[in-house]
Amino acid sequence: MTAEPSLPSGFGTRPWLVQATPEERQTLTFVDSADGSSHMVIAPEMQGKTCLGCVHNGGWLLMLDDSTAECFLLRLTSDDSDDPAANKIPLPPLYEPVESILKCATLGTSPAHQDCAVVVAVAREMEDRVETFLLHCRPGASQVGAWLDAPGLTFPCLMIGHRGKIYFLESPDTLTVIGQDGDGMVQAQLMGSLCGGKEEHDRTVMYNILESCGDLFEVPHHFGDFSYEGTLTSITVSRLDLESMTWSMVDSIGGDRAFLVSERYGFSVPVCPGEGGLVQQGNCMYIVWSSCDCERLYKFCLDDNTISFRQILPQPTKPWCRAFWAVPPLPMSMVVKEIGLLEEEEEQATYCNTRPWHDLPLKLLQQVVSRLSLVDRIRFHAVCKSWRMVSNPVEQVNVWPWLLHCSGRTYFPILQRRLGGHVDQCRYRDMYIINPFNEDIVEMPILVRKYYFMGLSWSSADPTSPECVFFGIVSRHDGKKINILMWRHGEADWFERHFEYYEGDPFPVAYNNPVLFYDKFYCLGRPTLARLTWQATHGRSWRSDHHEGREFCYLIELRGELVSVFMRNADQPPRVFKLNEEEMAWMEVQEIGGAALFLDFRVSYSVASPEAGHGNRIYFPSYSEDGKQAAFYDIETKAYHPSLYGLKSPLQCVWVVPNLRPHIVSK
Numbered sequence: 001m002t003a004e005p006s007l008p009s010g011f012g013t014r015p016w017l018v019q020a021t022p023e024e025r026q027t028l029t030f031v032d033s034a035d036g037s038s039h040m041v042i043a044p045e046m047q048g049k050t051c052l053g054c055v056h057n058g059g060w061l062l063m064l065d066d067s068t069a070e071c072f073l074l075r076l077t078s079d080d081s082d083d084p085a086a087n088k089i090p091l092p093p094l095y096e097p098v099e100s101i102l103k104c105a106t107l108g109t110s111p112a113h114q115d116c117a118v119v120v121a122v123a124r125e126m127e128d129r130v131e132t133f134l135l136h137c138r139p140g141a142s143q144v145g146a147w148l149d150a151p152g153l154t155f156p157c158l159m160i161g162h163r164g165k166i167y168f169l170e171s172p173d174t175l176t177v178i179g180q181d182g183d184g185m186v187q188a189q190l191m192g193s194l195c196g197g198k199e200e201h202d203r204t205v206m207y208n209i210l211e212s213c214g215d216l217f218e219v220p221h222h223f224g225d226f227s228y229e230g231t232l233t234s235i236t237v238s239r240l241d242l243e244s245m246t247w248s249m250v251d252s253i254g255g256d257r258a259f260l261v262s263e264r265y266g267f268s269v270p271v272c273p274g275e276g277g278l279v280q281q282g283n284c285m286y287i288v289w290s291s292c293d294c295e296r297l298y299k300f301c302l303d304d305n306t307i308s309f310r311q312i313l314p315q316p317t318k319p320w321c322r323a324f325w326a327v328p329p330l331p332m333s334m335v336v337k338e339i340g341l342l343e344e345e346e347e348q349a350t351y352c353n354t355r356p357w358h359d360l361p362l363k364l365l366q367q368v369v370s371r372l373s374l375v376d377r378i379r380f381h382a383v384c385k386s387w388r389m390v391s392n393p394v395e396q397v398n399v400w401p402w403l404l405h406c407s408g409r410t411y412f413p414i415l416q417r418r419l420g421g422h423v424d425q426c427r428y429r430d431m432y433i434i435n436p437f438n439e440d441i442v443e444m445p446i447l448v449r450k451y452y453f454m455g456l457s458w459s460s461a462d463p464t465s466p467e468c469v470f471f472g473i474v475s476r477h478d479g480k481k482i483n484i485l486m487w488r489h490g491e492a493d494w495f496e497r498h499f500e501y502y503e504g505d506p507f508p509v510a511y512n513n514p515v516l517f518y519d520k521f522y523c524l525g526r527p528t529l530a531r532l533t534w535q536a537t538h539g540r541s542w543r544s545d546h547h548e549g550r551e552f553c554y555l556i557e558l559r560g561e562l563v564s565v566f567m568r569n570a571d572q573p574p575r576v577f578k579l580n581e582e583e584m585a586w587m588e589v590q591e592i593g594g595a596a597l598f599l600d601f602r603v604s605y606s607v608a609s610p611e612a613g614h615g616n617r618i619y620f621p622s623y624s625e626d627g628k629q630a631a632f633y634d635i636e637t638k639a640y641h642p643s644l645y646g647l648k649s650p651l652q653c654v655w656v657v658p659n660l661r662p663h664i665v666s667k
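Using UniProt numbering, read the sequence shown as starting at 1 and increasing by one per residue.
Below, the structure written as structure tokens:
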């Protein structure tokens with residue numbers, strides 16, 4: 001693709017993604033949100049520079065030449081009447097390494113105004129600690145200002161310019177405001193402690209704070225394992241009430257609004273339904289993130305708690321050269337409309353219906369249930385007591401794994417796990433196991449700390465059995481230390497055991513559940529360090545030289561054998577390996593004997609002899625945009641159905657094999 005000497009047509013009228021070429025940084029890649037097209041552009045002002053971030057609602061870029069420490073504010077778009085020199089505002093030299101600069105924001109009405117001040121959050125690695133602080137400067141000054149007095153600063157990336165001031169979280173629950181006094185001095189003032197329903201997290205979390213329609217929002221992205229190429233497992237949105245200093249979780253940001261997020265910056269933009277393009281749906285977040293195969297644009301929909309993605313750039317990037325959003329400035333007179341009231345009124349009107357459904361004839365009810373969808377058949381008996389007399393045809397069907405998930409306006413901020421129709425749920429330190437089909441519940445001891453397992457399993461298809469053993473595992477990121485927790489019925493606490501690998505080869509545990517195989521728990525390791533499988537009972541591990549690079553990996557039992565599956569992208573088929581127990585080595589195979597695999601990091605299942613036409617398939621916890629087609633890879637045709645990109649995946653979901661027969665309680 002030939003680089004163009006000027007900005008592409010339409011830039012500045014809608015959101016665009018911009019990325020500097022990581023190797024040379026001589027050209028820029030512009031991705032149009034209208035159609036997803038890419039344009040190579042030569043921008044002299046940005047050649048050889050690094051964009052540290054977008055400030056003042058995305059209209060300005062903070063640029064740094066890390067070889068000369070030259071630092072300046074740059075505006076890519078302007079009116080024809082503007083002085084071109086006004087689009088570049090020099091700043092004092094900044095001598096901090098690019099990777100140490102976390103975020104930046106501006107004080108004042110505009111970067112071009114004389115009251116402007118730029119604040120930069122820095123995390124400097126020392127020998128025994130990470131030192132975090134804030135720097136500030138003014139345009140035209142000769143040097144960067146002194147450190148701001150902000151003791152205890154631990155979350156400097158949660159910083160945003162809002163109404164002429166800068167708000168940041170000095171700790172997870174402490175709000176500090178940076179402003180200017182009457183003499184123009186930049187000062188930090190502690191506002192107080194925050195409270196409310198902000199979600200806590202158990203694993204790696206990336207935070208964003210952004211402004212929308214005059215309100216401040218916090219958006220944490222929760223990852224199951226390593227943050228920069230991890231498995232996205234949860235997204236929440238909380239609104240801050242500055243008057244009461246209270247967080248409140250929300251399930252809507254507005255049907256005509258969307259959040260655009262890249263790395264530590266986020267913006268709110270209006271959305272016009274029907275226009276198409278990358279940003280085409282309201283009440284959604286669009287997140288730029290690198291995976292093991294490419295640079296992806298994820299869409300998280302708050303309406304149904306699902307996520308989908310598409311490729312926007314062919315190669316993954318590092319955080320400091322990730323594509324950023326260039327958002328055009330919005331008129332101050334724009335008024336955001338509140339929507340959804342009509343839908344709520346319609347729902348309330350539906351609930352007021354008082355027809356005597358319980359009086360319908362039994363034969364008529366049997367005709368009704370025979371024509372219902374699978375999901376509605378399950379719900380049918382919950383309508384009223386008399387409807388439970390109707391026989392349920394679902395009880396006689398062949399049971400396949402089902403994808404259980406929560407959608408709509410109900411928020412389900414818990415982790416879910418596996419086995420025999422039971423689902424493990426955990427919130428903070430409380431953990432329990434339920435069977436959603438017969439309401440069995442197993443309560444476990446409160447964890448010493450929040451749920452932090454990379455995998456959890458148990459030894460019986462019936463976790464209520466007194467003989468059942470519960471097993472959890474977690475490791476450090478480098479795999480040099482592993483923790484195992486075990487519990488049995490009747491025990492007051494979890495038993496914890498530690499393994500260290502400081503001298504031998506490490507074992508970084510992959511983010512998926514262990515598999516019970518011939519009375520032993522087997523755990524899969526991340527393939528980055530070629531240490532793949534580990535037996536919980538003896539601490540054994542063995543190698544495989546076939547796995548290169550970070551991949552999504554799964555462990556499953558199939559016909560009495562251990563099988564592992566590794567995936568990278570849509571251009572490469574899933575790779576399947578079987579364990580040779582005699583040689584303790586993985587052997588790659590090209591077929592699975594007509595079986596069907598159902599994969600997910602929470603739990604994976606196999607069906608050895610599926611119905612005709614469904615064998616030799618690998619199913620994923622995803623489906624088409626319209627929800628009518630399950631996503632799978634066909635081993636015989638060597639193709640994904642439908643395409644791997646553009647699928648919808650529920651964030652809170654798990655494969656279950658349900659027991660559909662009525663639960664009978666023994667007296």
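Cβ atoms here follow ideal geometry from the backbone N, Cα and C, with glycine treated the same way.
- Please state if the CB of Ala121 and the CB of Leu107 are separated by a distance shorter than 7 Å. Your numbering for residue 107 matches position 107 in the sequence shown. Your numbering for residue 121 matches position 121 in the sequence shown. In this structure, Ala121 does not lie closer than 7 Å to Leu107 by Cβ.
- Task: Out of Ser604, Val607, Ile253, Gly479, state which residue places its alpha-carbon closest to the alpha-carbon of Glu503.
- Result: Residue 503 sits at position 503 when you count from the first residue of the sequence shown. The candidate whose alpha carbon is nearest that of Glu503 is Gly479.
- Task: Go ahead and pull the three-state DSSP assignment for residue 681.
- Result: Lying outside 1 to 667, the shown extent of the chain, residue 681 is not represented and no answer is given.
- Runs of beta strand (DSSP E) lying entirely within the segment 597-653, each at least 3 residues, in chain order: 605-607, 617-623, 630-634, 639-641
- Query: Tell me which same chain residues have a C-beta within less than 6 Å of the C-beta of Val250, skipping the five on either side of it?
  - Reply: As a first step, residue 250 is located in the sequence shown; it is residue number 250 there, counting from the start. Excluding positions up to five away in sequence, the list reads Val237, Arg239.
- Using DSSP bridges, identify the partner residues of Phe521. One-based indexing of the sequence shown puts residue 521 at position 521. Answer is Leu516, bridged to Phe521.
- Item | Euclidean distance between Cα positions of Asp376 and Gln180 | Your numbering for residue 376 matches position 376 in the sequence shown. Your numbering for residue 180 matches position 180 in the sequence shown. Cα to Cα, Asp376 sits roughly 60 Å from Gln180.
- Query: How many angstroms separate the CA atom of Val336 from the CA atom of Ser252?
  - Reply: Locating residue 336 in the sequence shown gives position 336, where the first residue counts as 1. Locating residue 252 in the sequence shown gives position 252, where the first residue counts as 1. Any reading at Val336 is ruled out, since the residue's pLDDT is 36, under 50, leaving its predicted position unreliable.
- Query: Helix, strand or coil: which one does DSSP assign to Asn87?
  - Reply: For the purposes of this step, residue 87 is identified with residue 87 of the sequence shown, where counting begins at 1. Helix, per DSSP.
- Fully enclosed by the segment 239-276, which beta strand (DSSP E) runs are 3 residues long or longer? Taken in chain order, the complete beta strand (DSSP E) segments of 3 residues or longer contained in the segment 239-276 are 246-249, 257-262, 265-270.
- Could you say which of Leu297, Gly184, Ser370 lies nearest to Gly646 if we only look at CA atoms? By 1-based counting over the sequence shown, the position of residue 646 is 646. The shortest C-alpha separation from Gly646 is found at Leu297.
- Could you tell me if Gly613 is buried or exposed, where buried requires 16 or more neighbouring beta carbons within 10 angstroms of its beta carbon? Here residue 613 refers to the residue found at position 613 when the sequence shown is read from its first residue. The residue is exposed, with fewer than 16 neighbouring Cβ atoms inside 10 Å.
- Query: Quick one: Cα of Asp571 to Cα of Asp304, how far?
  - Reply: Numbered from 1 along the sequence shown, position 571 holds the residue referred to as residue 571. Numbered from 1 along the sequence shown, position 304 holds the residue referred to as residue 304. Distance between the alpha carbons of Asp571 and Asp304 is about 29 Å.
- Is Met389 helix, strand or coil when you go by DSSP? Residue numbering aside, residue 389 sits at position 389 when the sequence shown is read from its first letter. Residue state for Met389 is assigned as helix, using DSSP reduced to three classes.
- From this set, Leu555, Ala510, Asp493, which residue's C-alpha is nearest Leu516's C-alpha? Here residue 516 refers to the residue found at position 516 when the sequence shown is read from its first residue. For the residues Leu555, Ala510, Asp493, the minimum Cα distance to Leu516 belongs to Leu555.
- Message: Among the candidates Glu491, Met454, Pro8, whose CA atom is the shortest distance from the CA of His39?
- Response: Reading the sequence shown from its first residue, position 39 is the one you call residue 39. Considering only alpha carbons, the answer is Pro8.
- Message: Just to confirm, is the Cβ distance from Ala258 to Cys294 under 7 Å?
- Response: In the sequence shown, the residue the question calls residue 258 occupies position 258. In the sequence shown, the residue the question calls residue 294 occupies position 294. Not in contact: Ala258 and Cys294 (Cβ atoms no closer than 7 Å).
- Where do the ends of the beta strand (DSSP E) carrying Leu134 lie? Walking along the sequence shown from the start, residue 134 turns up at place 134. Unbroken beta strand (DSSP E) run through Leu134: 130-137.
- Task: Have a look at Val130 and Phe168 and give me their C-alpha separation to the nearest angstrom.
- Result: Along the sequence shown, one-based indexing puts residue 130 at 130. Along the sequence shown, one-based indexing puts residue 168 at 168. Cα to Cα, Val130 sits roughly 19 Å from Phe168.
- Query: From His477 to Gly282, what distance separates their C-alpha atoms?
  - Reply: The residue labelled residue 477 in the question sits at position 477 within the sequence shown. The residue labelled residue 282 in the question sits at position 282 within the sequence shown. Cα-Cα distance, rounded: 36 Å.
- Inspect the beta-carbon positions of Asn513 and Gly455 and report whether they are closer than 7 Å. On the sequence shown, residue 513 is found 513 positions in, with the first residue counted as 1. On the sequence shown, residue 455 is found 455 positions in, with the first residue counted as 1. Cβ distance < 7 Å, so Asn513 and Gly455 count as in contact.
- Message: Once DSSP output is grouped into helix, strand and coil, what is the label at Pro44?
- Response: Counting from 1 along the sequence shown, the entry for residue 44 is found at position 44. Note: Pro44 maps to helix in three-state DSSP.
- Query: For Ala123 versus Ser100, is the C-beta spacing smaller than 7 Å?
  - Reply: Here residue 123 is taken as the residue at index 123 of the sequence shown, counted from 1. Here residue 100 is taken as the residue at index 100 of the sequence shown, counted from 1. Yes. Within cutoff.
- Give the straight-line distance between the Cα atoms of Phe412 and Ile307, rounded to the nearest whole angstrom. The sequence position of residue 412 within the sequence shown is 412, counting from 1. The sequence position of residue 307 within the sequence shown is 307, counting from 1. Only weak support exists for where Phe412 lies, its pLDDT of 40 falling under 50; the value from the coordinates is given anyway. Taking the straight line from one Cα to the other gives about 15 Å.
- Message: The alpha helix (DSSP H) that contains Lys363, what's its start and end?
- Response: Looking up residue 363 in the sequence shown gives position 363. Unbroken alpha helix (DSSP H) run through Lys363: 362-370.
- Item | Coil, strand or helix - Arg377 by DSSP | Taking the first residue of the sequence shown as 1, we reach residue 377 at position 377. Helix at Arg377.
- Item | Per DSSP, the bridge partner or partners of Leu555 | Position 555 of the sequence shown, counted from the first residue, corresponds to residue 555. Beta-bridge pairing links Leu555 to Ser564.
- Item | Extent of the continuous beta strand (DSSP E) to which Phe470 belongs | Along the sequence shown, one-based indexing puts residue 470 at 470. Phe470 -> beta strand (DSSP E) spans 469-475.
- Item | Helix, strand or coil at Ser465 [DSSP, three-state] | What you label residue 465 is simply residue 465 of the sequence shown in a count that begins at 1. In this structure, Ser465 counts as coil in the three-state DSSP scheme.
- Query: Quick one: Cα of Thr637 to Cα of Leu599, how far?
  - Reply: Taking the first residue of the sequence shown as 1, we reach residue 637 at position 637. Taking the first residue of the sequence shown as 1, we reach residue 599 at position 599. Thr637 and Leu599: Cα-Cα distance of roughly 19 Å.
- Looking at the unbroken beta strand (DSSP E) that takes in Trp586, where does it start and where does it end? Counting from one through the sequence shown, the residue named residue 586 turns up at place 586. Counting along the chain, the beta strand (DSSP E) containing Trp586 begins and ends at 585-589.
- Task: Identify whether Ser110 lies in helix, strand or coil by the three-state DSSP scheme.
- Result: Counted from its first residue, the sequence shown places residue 110 at position 110. Of the three classes helix, strand and coil, the one that applies to Ser110 here is coil, per DSSP.
- Message: Using the Cβ count rule (16 or more neighbours within 10 Å means buried), how would you classify Gly192?
- Response: As a first step, residue 192 must be located in the sequence shown, where it is residue number 192. Counting Cβ neighbours within 10 Å, Gly192 comes out exposed, since fewer than 16 surround it.
- Item | Rounded separation between Tyr511 and Ala595 - CA only | In the sequence shown, the residue the question calls residue 511 occupies position 511. In the sequence shown, the residue the question calls residue 595 occupies position 595. Cα to Cα, Tyr511 sits roughly 24 Å from Ala595.
- Message: Starting from Ile484, trace the beta strand (DSSP E) in both directions and tell me its first and last residue.
- Response: Here residue 484 is taken as the residue at index 484 of the sequence shown, counted from 1. 481-488 is the span of the beta strand (DSSP E), which, as asked, contains Ile484.
- Task: Hey, could you find the ends of the beta strand (DSSP E) Trp402 is sitting in?
- Result: Position 402 of the sequence shown, counted from the start, is the residue given in the question as residue 402. Taken as a continuous stretch (DSSP letters only), the beta strand (DSSP E) holding Trp402 covers 402-405.
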